[in-house]
Amino acid sequence: MYVLFKTGMRISEFTGLTLSDLDMKNRTINIDHQLQKKGTLVYIDTTKTYAGKRVIPMTDGVYEAFKNILAARPKFKVEPMIDGYSGFLWFDKDGKPMVAMHWEKYFKHAVDRYNSIYRVQLPKITLHVCRHTYCSNMAKSGMNPKVLQYLMGHSDISVTLNTYTHLKLDDAKEEMEKLAKAQEATMAVERAEGKSDLHSLRGRKRA
Numbered sequence: 001m002y003v004l005f006k007t008g009m010r011i012s013e014f015t016g017l018t019l020s021d022l023d024m025k026n027r028t029i030n031i032d033h034q035l036q037k038k039g040t041l042v043y044i045d046t047t048k049t050y051a052g053k054r055v056i057p058m059t060d061g062v063y064e065a066f067k068n069i070l071a072a073r074p075k076f077k078v079e080p081m082i083d084g085y086s087g088f089l090w091f092d093k094d095g096k097p098m099v100a101m102h103w104e105k106y107f108k109h110a111v112d113r114y115n116s117i118y119r120v121q122l123p124k125i126t127l128h129v130c131r132h133t134y135c136s137n138m139a140k141s142g143m144n145p146k147v148l149q150y151l152m153g154h155s156d157i158s159v160t161l162n163t164y165t166h167l168k169l170d171d172a173k174e175e176m177e178k179l180a181k182a183q184e185a186t187m188a189v190e191r192a193e194g195k196s197d198l199h200s201l202r203g204r205k206r207a
């Protein structure tokens, strides 16, 4: 789950990752396909859009997460293969590559478990919240929209800005306060420079 929250990958991109997609030396993730399931058929599909093909960097946390994932990955005499792809990272109890459904059930179980313990309940959410959260956090951090569009794999930047960036009223107020403080600081500097120029002018007149 951590990797999803910290990369913004689609769940089908996440489940489709293979050993060859991870460049641990350069700390990058290659995304050029998805692992899908329709009925009983499990298959490899192209990315949702052409822009979905991308190479994204690993943060230190994501790098460490993948190190642990690789260390825990089971060893096979014969690697499970789907449409010519092998080296998948996650497997179910039968040794088959995990698909989105497995992770969705795991996520639902985690939410249900949380709600059974704590009074403040989590709303009904899906794994897609990981992608939403990543995009919103990157937007709030001030990331260039075009860079964020690339990382999310969106073909249309309006999708990045309008669909995934859920900035609340509090965020807007915070930005306005930052702007006001910046303007106040600028005005204070200008006033200080004005006083300095005035003192300098008076000094020259006395001389």
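Reading the sequence shown from the start, the letters are residues 1 to 207 in UniProt numbering. Here a beta-carbon is modelled for each residue, glycine too, at the ideal position from N, C-alpha and C. Bear in mind that the values here come from a model prediction, so they are computed numbers and not experimental data.
Taken through DSSP and simplified to helix, strand or coil, ASN30 comes out as strand. The criterion of a C-beta distance shorter than 8 Å is satisfied by ARG54 and GLY153. The C-alpha of PRO74 is placed about 19 Å away from the C-alpha of TYR106. Residues MET98, HIS102 of the same chain have their beta carbon placed closer than 8 Å to that of ASP92, with the five preceding and five following residues left out of the count.
Taken in chain order, the complete alpha helix (DSSP H) segments of 4 residues or longer contained in the segment 6-86 are 11-16, 60-72. Contiguous alpha helix (DSSP H) elements confined to the segment 132-162 occur at 145-152, taking only those with 4 or more residues. Put simply, the backbone Cα of MET176 is about 52 Å away from that of ASP83.
The beta carbon of THR133 sits closer than 8 Å to the beta carbons of PHE5 from its chain, once the five residues preceding and following it are set aside; these are given in chain order.
Sequence-distant Cβ neighbours of MET138 in its own chain, meaning closer than 6 Å and more than five residues away, are LEU148. Rounded to whole angstroms, the gap between the alpha carbons of VAL62 and THR18 is 15 Å.
By a beta-carbon distance limit of 8 Å, MET58 does not contact THR15. Their separation comes to about 18 Å.
Each residue's CA atom was taken as its position, placing TRP90 and ILE69 some 8 Å apart.
LYS140 is the residue among LEU151, LYS140, SER158 whose C-alpha sits nearest the C-alpha of LYS178.
Within the DSSP secondary-structure output, PHE107 pairs in no beta bridge.
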